[in-house]
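Going by my numbering, the final residue of the sequence shown carries number 138, and the count climbs one at a time with no gaps.
Built from N, CA and C at the ideal position, the CB exists for glycine as well.
Small disclaimer: the values here were computed from a predicted structure and weren't measured.
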Amino acid sequence: MRRLFGDQAGLTLVEVLLAVTFLAVSLVALLTMLTQGSISVTAGGGQSKATAYARQKVEELKNQPFSPGPSAGTDAPETGITRSWSVTPTGATVAPNRLATIQVVVRVERVTGMLGAQNITLTTMRAE
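Shown next, in the form of structure tokens:
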């Protein structure tokens with residue numbers, strides 16, 4: 011005949027509940043970490059793209075003929091990205107030693123509400 015409560019091996023209900031609780035907390039922490047990682051990768055990609063568009067425009071403006079008056083403009087190189095720039099005379103210098111400040115601002119609008127907008131601003135100077 012078998013003994014009902016003798017030397018049987020097994021886990022108690024408290025041990026099982028503690029193990030399940032530990033696993034649940036670990037999984038929640040892991041999922042949170044993966045979500046934050048995904049958001050960071052998306053934000054980094056937007057920032058890299060904005061920086062590339064800003065550098066492209068700065069190089070374009072630096073290579074144009076020097077004009078003494080201020081100028082500005084805006085364009086949208088891609089959906090969700092706006093780029094604005096300004097070229098302003100700097101200092102009281104006269105030709106042929108005039109200086110101009112070039113500033114380019116790129117704004118990246120994100121579809122997801124968690125990231126919001128990202129701005130990249132590049133400022134440089136050029137001489138005549």
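- Message: Our contact map puts R93 next to A110 with C-beta atoms below 8 angstroms; I'd like the distance itself, whole angstroms only.
- Response: Taking the sequence shown and counting its residues from 1, one reaches residue 93 at position 83. Taking the sequence shown and counting its residues from 1, one reaches residue 110 at position 100. About 18 angstroms separates the two Cβ atoms, so there is no contact after all.
- Query: According to the Cβ coordinates, are I112 and T84 closer than 9 angstroms?
  - Reply: Here the question's residue 112 lines up with position 102 in the sequence shown. Here the question's residue 84 lines up with position 74 in the sequence shown. No, Cβ-Cβ distance for I112 and T84 is not below 9 angstroms.
- Item | Close Cβ partners of L71 (< 7 angstroms) along its chain, the five nearest in sequence each way excluded | Counting from one through the sequence shown, the residue named residue 71 turns up at place 61. For L71, where only same-chain residues beyond five positions count, the Cβ hits under 7 angstroms are W95, V97 and I112.
- Task: Given a cut-off of 9 angstroms, decide if Q57 and V118 are closer than it, judged by their beta-carbon atoms.
- Result: Position 108 of the sequence shown holds residue 118. Position 47 of the sequence shown holds residue 57. The answer is yes: Cβ separation under 9 angstroms.
- Message: My output table needs one value for T111: the three-state DSSP class, helix, strand or coil.
- Response: Residue 111 sits at position 101 when you count from the first residue of the sequence shown. Three-state DSSP puts T111 in a strand.
- Item | Option in Q128, T103 and L41 with minimal Cα separation from G79 | On the sequence shown, residue 79 is found 69 positions in, with the first residue counted as 1. The candidate whose alpha carbon is nearest that of G79 is T103.
- Query: Can you give the Cα-Cα distance for L132 and N73, rounded to whole angstroms?
  - Reply: Residue 132 sits at position 122 when you count from the first residue of the sequence shown. Residue 73 sits at position 63 when you count from the first residue of the sequence shown. Each residue's Cα considered, the two are about 16 angstroms apart.
- Can you tell which of A86, E25 and S77 has the C-alpha that lies nearest to the C-alpha of P106? For this step, residue 106 is matched to residue 96 along the sequence shown. Nearest C-alpha to P106: S77.
- Cβ-based burial, I49 [other Cβ within 10 Å; buried from 16]: Counting from one through the sequence shown, the residue named residue 49 turns up at place 39. Taking every protein chain shown into account, the CB of I49 has fewer than 16 other CB atoms within 10 angstroms, so this residue is exposed.
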